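Numbered continuously in my numbering, the sequence shown closes out at residue 229.
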Amino acid sequence: MSKNRLNPAIRNYLLFYNILSGVAWGFILFSATFHLLSGNPYSTLFELIGQPLLILVLISLLEILHATLNFVNSGAGATALQVLARLFALYISNYGFKQDIVTKCFGFTVMVFAWSITECIRYPYYALSLLDIDFYPILWARYSLFYVLYPMGVWGEISQVIRSLDLAYQKSPNMYYFLVFMMVIYLPSFNSLYRHMVKQRAKYIGASSAQPAKSAAASSKSTKAKKL
Numbered sequence: 002m003s004k005n006r007l008n009p010a011i012r013n014y015l016l017f018y019n020i021l022s023g024v025a026w027g028f029i030l031f032s033a034t035f036h037l038l039s040g041n042p043y044s045t046l047f048e049l050i051g052q053p054l055l056i057l058v059l060i061s062l063l064e065i066l067h068a069t070l071n072f073v074n075s076g077a078g079a080t081a082l083q084v085l086a087r088l089f090a091l092y093i094s095n096y097g098f099k100q101d102i103v104t105k106c107f108g109f110t111v112m113v114f115a116w117s118i119t120e121c122i123r124y125p126y127y128a129l130s131l132l133d134i135d136f137y138p139i140l141w142a143r144y145s146l147f148y149v150l151y152p153m154g155v156w157g158e159i160s161q162v163i164r165s166l167d168l169a170y171q172k173s174p175n176m177y178y179f180l181v182f183m184m185v186i187y188l189p190s191f192n193s194l195y196r197h198m199v200k201q202r203a204k205y206i207g208a209s210s211a212q213p214a215k216s217a218a219a220s221s222k223s224t225k226a227k228k229l
């Protein structure tokens, strides 16, 4: 649904949701950064933010509903893929197998920073869009930093699952094969999402950079016409 056709109540709800989510992810990013800069080892990060991180990912399940009800232009399938992949990596690996080999690995730290930086950009971008405010730095960050942040996030997520494989097999061979199956379909799905973002970048960043050039060309033609 176009933002211009949104019911005012839905618009206000989405604005509140995006602002609140942006602040919450900002808290995660600040907490993780402060924790590490204070000299604490990355292996203790899960103890600090594991619970609030899970709550945030669970809340983001609402975004699947938003897409399904056409509150936003995002596809329900792509949204579900991204949200459920995060929930899978976080809950299965860190809560299903709450062992030091999983919760204290460097992959969790990489995953947290990739997710939180991404969301500290994405949610303000959506909020500004609902307010009809164009802010190019946020637009650029939204459709440029994913080149680094998305692979970082995937590496962190996959590393969590890989470290939990032996634990899964000890519990049940079926659970082990389920995790392997999820990883097999995960990478092609990530490739699809990544290619989608590349196309979106060409659409938004390309259009934004081309606009001044078109304006300059039109101005130049107008000036020449006046001289003639």
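By construction, the Cβ of each residue, glycine as well, lies at the ideal position given by its N, Cα and C atoms. This structure is a prediction, so every number in the text was calculated from the model and none was measured.
{"Query": "If we ignore side chains and look at the alpha-carbon of each, how far apart do F47 and G27 end up?", "Result": "17 Å"}
{"Query": "My guess is that Q161 and S94 are in contact by the Cβ rule of under 8 Å, so how many angstroms apart are they, rounded?", "Result": "4 Å"}
{"Query": "How big is the Cα-Cα spacing for L166 and L55?", "Result": "21 Å"}
{"Query": "Which whole-angstrom value describes the C-beta separation of L38 and C121, a residue pair presumed to lie in contact below a C-beta threshold of 8 Å?", "Result": "Actually they do not touch by this definition, with Cβ atoms about 17 Å apart."}
{"Query": "Drop a sphere of 10 angstroms on the beta-carbon of P9, count the other beta-carbons inside from all chains shown, and report buried for 16 or more, exposed for fewer.", "Result": "exposed"}
{"Query": "CB-CB under 7 Å to Y127, same chain, minus the five flanking residues each way: which ones, in chain order?", "Result": "N19"}
{"Query": "State the DSSP-derived secondary structure class of C106, mapped to helix, strand or coil.", "Result": "coil"}
{"Query": "Cβ atoms of Y151 and Y205: under 8 Å apart, would you say?", "Result": "no"}
{"Query": "Taking 8 Å as the threshold (C-beta atoms), are I65 and A86 in contact?", "Result": "no"}
{"Query": "Assign T119 to buried or exposed, taking buried as 16 or more other Cβ atoms, counted over all protein chains shown, within 10 Å of its Cβ.", "Result": "buried"}
{"Query": "Quick one, which of A25, Y148, T45 has its alpha-carbon nearest P125's?", "Result": "A25"}
{"Query": "DSSP on K228, reduced to helix/strand/coil?", "Result": "Model confidence at K228 stands at a pLDDT of 48, short of 50, so the residue's coordinates are unreliable; what they give is reported in the following sentence. Helix."}
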